[in-house]
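K.L.:
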Amino acid sequence: MASKPNIAIIGSGFAGFGASHALSGENVDAVIYEKRAVHGGHTSTHAYGDGYLFDEGPHISFTEDKRLQELFADSLGGSFEKLRAYVDNFWQGHFIKHPAQTSLHGLPTDLVVKCITDFVEATKTPIEDARIENYEDWLLAAFGEGFARTFPMEYTKKYHSTEAKNLTTDWLGPRLYRPTLEQVLVGALDKKSPDVHYVDHFRYPTHGGFVSYLNGFRQRANLEVNSEIVAIDPGARTLTMSGGRVKPYDALVSSVALPSLIPMIKGAPDDVKAAAEKLACTEVVLVNIGVTKPFIKDAHWTYFYDEDICFARLSYPSNFSPNVAPKGCSALQAEVYFSKKWKPRTKPADAYIEPVIDGLLKAGLIDGRDQVNHTSTIVAPYANIIFDHDRPAAVKLIHEYLDEIGIAYCGRFGDWGYIWTDQAFTSGEQAALRALDRLQTRPLGAAAAMGR
Numbered sequence: 344m345a346s347k348p349n350i351a352i353i354g355s356g357f358a359g360f361g362a363s364h365a366l367s368g369e370n371v372d373a374v375i376y377e378k379r380a381v382h383g384g385h386t387s388t389h390a391y392g393d394g395y396l397f398d399e400g401p402h403i404s405f406t407e408d409k410r411l412q413e414l415f416a417d418s419l420g421g422s423f424e425k426l427r428a429y430v431d432n433f434w435q436g437h438f439i440k441h442p443a444q445t446s447l448h449g450l451p452t453d454l455v456v457k458c459i460t461d462f463v464e465a466t467k468t469p470i471e472d473a474r475i476e477n478y479e480d481w482l483l484a485a486f487g488e489g490f491a492r493t494f495p496m497e498y499t500k501k502y503h504s505t506e507a508k509n510l511t512t513d514w515l516g517p518r519l520y521r522p523t524l525e526q527v528l529v530g531a532l533d534k535k536s537p538d539v540h541y542v543d544h545f546r547y548p549t550h551g552g553f554v555s556y557l558n559g560f561r562q563r564a565n566l567e568v569n570s571e572i573v574a575i576d577p578g579a580r581t582l583t584m585s586g587g588r589v590k591p592y593d594a595l596v597s598s599v600a601l602p603s604l605i606p607m608i609k610g611a612p613d614d615v616k617a618a619a620e621k622l623a624c625t626e627v628v629l630v631n632i633g634v635t636k637p638f639i640k641d642a643h644w645t646y647f648y649d650e651d652i653c654f655a656r657l658s659y660p661s662n663f664s665p666n667v668a669p670k671g672c673s674a675l676q677a678e679v680y681f682s683k684k685w686k687p688r689t690k691p692a693d694a695y696i697e698p699v700i701d702g703l704l705k706a707g708l709i710d711g712r713d714q715v716n717h718t719s720t721i722v723a724p725y726a727n728i729i730f731d732h733d734r735p736a737a738v739k740l741i742h743e744y745l746d747e748i749g750i751a752y753c754g755r756f757g758d759w760g761y762i763w764t765d766q767a768f769t770s771g772e773q774a775a776l777r778a779l780d781r782l783q784t785r786p787l788g789a790a791a792a793m794g795r
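Under the numbering used here, think of the first position of the sequence shown as 344, with each following residue one higher.
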């Protein structure tokens, strides 16, 4: 008697579990292979013996999709915090509400005047009529010189590790709000600026960190940890593990980052390999800080523009849930970005702990080093996609090749796009459906046909 078709899923982040969830009602055997000892991928949570929990970067769920809201809440057992997002910015001693373009109140008068006059000048030309060849062009056309060069262009160098002129604009979506002149003026004249950030409310698990969102999906999935895939043979339809194990598959779903996936594939053409090498992303050193201070500030995260502060963004996990730090203490997490293509890291991760503490002192967020009672680092080699000018053609070529050999890609690093956790989950679902479609249009592999 023949067994069910076997669908292999590589990676146990939101995309991998999205794929597993989509296959749960189908007549297939779906197995998730995870190279680490724990599941979660980019949405992992790291627990420390002193009572601190730190996610692998700041993750929240702010989807408005009712189906996903219910799915995620059910997976958590309904135990989550629902929070009104508050985000701010730090520039040369000033904390101002985000987005900065509608919150200029309190900044130096000469800067406010320049930002407004340059914005007025920029709006004389409709942005659709402006000559835009890169992200720098878009910023100047959208905001004018004063604001663009002071804020987003400086932040781009810290967050994307390169200058705005090296980026395209196909990643923007709702991320950079272009205000009306009235909104700019109100935000400059009144301390209470408009609420126009694209994140309004969000949810976060009450216990266990962000990875707890996967609890229910994990219980229902067939997961094999400590199973690093090192080779894929699309002709024989086999996966080879780091320990030498070989696993057959009938269909394959992968959330592996494309620059790591392509070298694994037997027979990958040279032009596809070259395209994978052109893809750029940031590496982030996450510096985790615990302090003996019960309240830092009311923000959930802050963007930092100053060059003399090494981190681009700081989040306050204790404001997501009170259960990520010991009682009476607070957790902070700083993000320091690098990239192989534009800004290689030359120091070990721990070397950034003291500079981060220096930045916290400069911003007045802690009163002294004696308040620090926890330091640790997490390195995520794949952090954010860099949308440089090599990306579009390279991604197109790689995806066409993967479609051709029957590898259904998904997730932020499989799609190689700027997607959030809910989008990663649905990307996994969609990849699973493509894998099912492929099973229906070709015969099963020999292993399935023989009833392994």
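Positions of the beta carbon are idealized from the N, C-alpha and C atoms, including for glycine.
Going by DSSP, what residue range makes up the alpha helix (DSSP H) through E743?
P.N.:
As a position in the sequence shown, residue 743 is number 400, starting the count at 1. Looking at the DSSP string, the run of the alpha helix (DSSP H) that includes E743 is 734-748.
K.L.:
In the DSSP assignment, find the unbroken beta strand (DSSP E) run with S719 in it and report its ends.
P.N.:
Translated into positions along the sequence shown, residue 719 becomes position 376. Run containing S719: 715-723, per the beta strand (DSSP E) assignment.
K.L.:
Going straight from the alpha carbon of V542 to that of K616, what length do you get?
P.N.:
Indexing the sequence shown from 1 puts residue 542 at position 199. Indexing the sequence shown from 1 puts residue 616 at position 273. Near 37 Å, if we compare the C-alpha coordinates of K616 and V542.
K.L.:
Whose C-beta lies closer than 6 Å to the C-beta of V679 among residues of the same chain, with five residues either side of it excluded?
P.N.:
Here residue 679 refers to the residue found at position 336 of the sequence shown. Taken in chain order, the residues that qualify are V628, C653, F654, Y695.
K.L.:
On the criterion of 16 or more Cβ atoms from any shown chain inside 10 Å, does L366 qualify as buried, or is it exposed?
P.N.:
For the purposes of this step, residue 366 is taken as residue 23 along the sequence shown, with counting starting at 1. By the 10 Å Cβ count, L366 comes out buried.
K.L.:
Helix, strand or coil for S658, going by three-state DSSP, please let me know.
P.N.:
For the purposes of this step, residue 658 is taken as the residue at position 315 of the sequence shown. Residue state, collapsed to three classes: strand.
K.L.:
Helix, strand or coil for V455 per DSSP?
P.N.:
Within the sequence shown, residue 455 is the residue found at index 112, counting from 1. Looking at V455 - three-state DSSP - the assignment turns out to be helix.
K.L.:
Could you give the residue range of the beta strand (DSSP E) that holds G633?
P.N.:
Taking the sequence shown and counting its residues from 1, one reaches residue 633 at position 290. 626-634 is the extent of the beta strand (DSSP E) around G633.
K.L.:
Which two residues bound the contiguous beta strand (DSSP E) that contains R561?
P.N.:
Here residue 561 refers to the residue found at position 218 when the sequence shown is read from its first residue. Taken as a continuous stretch (DSSP letters only), R561 belongs to no beta strand (DSSP E), being part of the alpha helix (DSSP H) at 558-563.
K.L.:
Pull the bridge partners of P591 from the DSSP assignment, please.
P.N.:
As a working note, residue 591 is residue 248 in the sequence shown. Answer by DSSP bridge pairing, in chain order: T581.
K.L.:
Return no unless some Cβ of chain C is closer than 9 Å to the Cβ of N565.
P.N.:
The structure shown contains no chain C; it is built from a single protein chain.
K.L.:
Within this structure, are the beta carbons of S570 and Y376 separated by less than 9 Å?
P.N.:
On the sequence shown, position 227 is the one that residue 570 refers to. On the sequence shown, position 33 is the one that residue 376 refers to. Contact flag set, yes.
K.L.:
Exposed or buried, what is S422 when buried is set at 16 or more other beta-carbons lying within 10 Å of its beta-carbon?
P.N.:
Stepping through the sequence shown from its first residue, residue 422 is reached at position 79. Label assigned to S422: exposed.
K.L.:
Determine the closest residue to V573 out of H550, K609, G552, A579, with distance taken between C-alpha atoms.
P.N.:
To locate residue 573, count along the sequence shown from 1; it is residue 230. For the residues H550, K609, G552, A579, the minimum Cα distance to V573 belongs to K609.
K.L.:
I'd like the list of long-range same chain contacts for D370, defined as Cβ closer than 7 Å, with 5 residues on each side in sequence excluded.
P.N.:
The residue you call residue 370 lines up with position 27 of the sequence shown. Reading off the sequence, residue 370 comes out as Asn, not Asp. Around N370: K347.
K.L.:
Identify, in the order they occur along the chain, each residue of the same chain with its Cβ nearer than 7 Å to the Cβ of T625, setting aside the five sequence neighbours on each side.
P.N.:
In the sequence shown, counting from the first residue as 1, residue 625 sits at position 282. Contacts found: H503, S504, Y680, F681, S682, A726, N727, I729.
K.L.:
Quick one: grab the DSSP three-state call for D649.
P.N.:
As a position in the sequence shown, residue 649 is number 306, starting the count at 1. D649: coil per DSSP, three-state reduction.
K.L.:
Residue range of the alpha helix (DSSP H) that H364 falls in?
P.N.:
For this step, residue 364 is matched to residue 21 along the sequence shown. First-last of the alpha helix (DSSP H) with H364: 357-366.
K.L.:
If we count Cβ pairs, one from each stretch, closer than 8 Å, do we get three or more for the region 545-560 versus the region 398-408?
P.N.:
Counting Cβ pairs under 8 Å, three or more are found: they touch.
K.L.:
Tell me W644's beta-bridge partners as DSSP assigns them.
P.N.:
Start at 1 with the first residue of the sequence shown, and residue 644 comes out as number 301. Per DSSP, V430, S658.
K.L.:
Count the CB pairs spanning the region 701-715 and the region 595-615 that are closer than 8 Å, and state whether there are at least three.
P.N.:
They do not touch, by the three-pair rule.
K.L.:
If you reduce the DSSP assignment to three classes, tell me which class I762 lands in.
P.N.:
Looking up residue 762 in the sequence shown gives position 419. I762: coil per DSSP, three-state reduction.
K.L.:
Who are the Cβ neighbours of A531 in its own chain at under 7 Å, not counting the five residues just before and after it?
P.N.:
As a working mapping, residue 531 is identified with position 188 in the sequence shown. So the list reads L447, H448, V455, I459, once near-sequence residues are dropped.
K.L.:
Under a three-way DSSP split, which group does Y541 fall into?
P.N.:
The residue given as residue 541 occupies position 198 in the sequence shown. Three-state result, Y541: coil.
K.L.:
The beta strand (DSSP E) spanning A674 covers which residue range?
P.N.:
Your numbering for residue 674 matches position 331 in the sequence shown. Note, A674: beta strand (DSSP E), 673-681.
K.L.:
Straight-line CA distance for G757 to Q526?
P.N.:
Here the question's residue 757 lines up with position 414 in the sequence shown. Here the question's residue 526 lines up with position 183 in the sequence shown. One C-alpha to the other measures close to 38 Å.
K.L.:
Can you name, in chain order, every residue of its own chain whose Cβ lies under 8 Å from the Cβ of T388, other than the five neighbours on each side?
P.N.:
Position 45 of the sequence shown, counted from the start, is the residue given in the question as residue 388. Only L396, F397, D398, E399, G551, G552, F553, V554, S555 meet the Cβ criterion.
K.L.:
Assuming contact is defined by CB atoms lying nearer than 9 Å, are A623 and R734 in contact in what I supplied?
P.N.:
One-based indexing of the sequence shown puts residue 623 at position 280. One-based indexing of the sequence shown puts residue 734 at position 391. Contact flag set, yes.
K.L.:
Do you know whose CA, among G356, N349, T689, lies nearest G754's CA?
P.N.:
Start at 1 with the first residue of the sequence shown, and residue 754 comes out as number 411. The candidate whose alpha carbon is nearest that of G754 is G356.
K.L.:
Determine the direct distance from the alpha carbon of T466 to that of W811, and round the result to whole angstroms.
P.N.:
Outside the displayed span of the chain (344 to 795) sits residue 811, for which this structure offers no information.
K.L.:
Does the Cβ of Q562 have 16 or more other Cβ atoms within 10 Å, making it buried, or fewer, making it exposed?
P.N.:
Taking the sequence shown and counting its residues from 1, the one referred to as residue 562 is at position 219. Exposed, because fewer than 16 other Cβ atoms sit within 10 Å of the Cβ of Q562.
K.L.:
Between which two residues does the alpha helix (DSSP H) containing A473 stretch?
P.N.:
As a first step, residue 473 is located in the sequence shown; it is residue number 130 there, counting from the start. First-last for A473: undefined, no H or E at that position.
K.L.:
So which of R521, N477, A485 has the shortest CA-CA distance to D731?
P.N.:
As a working note, residue 731 is residue 388 in the sequence shown. Selected option, being the one with the closest Cα: N477.
K.L.:
For T645, tell me which candidate among N432, I352, P401, S363 has the shortest Cα-Cα distance.
P.N.:
Along the sequence shown, read from residue 1 onward, the residue named residue 645 stands at position 302. That would be N432, whose Cα lies nearest to the Cα of T645.
K.L.:
Count the other CB atoms, across all protein chains shown, that sit within 10 Å of the CB of A791; report buried if there are 16 or more and exposed otherwise.
P.N.:
Translated into the one-based positions of the sequence shown, residue 791 becomes position 448. Annotation note: pLDDT 36 at A791 (below 50); position unreliable, coordinate value reported separately. Result: buried.
K.L.:
Quick check: the Cα distance between H364 and T720, rounded to an integer number of angstroms?
P.N.:
For the purposes of this step, residue 364 is taken as residue 21 along the sequence shown, with counting starting at 1. For the purposes of this step, residue 720 is taken as residue 377 along the sequence shown, with counting starting at 1. Roughly 32 Å between the two C-alpha positions.
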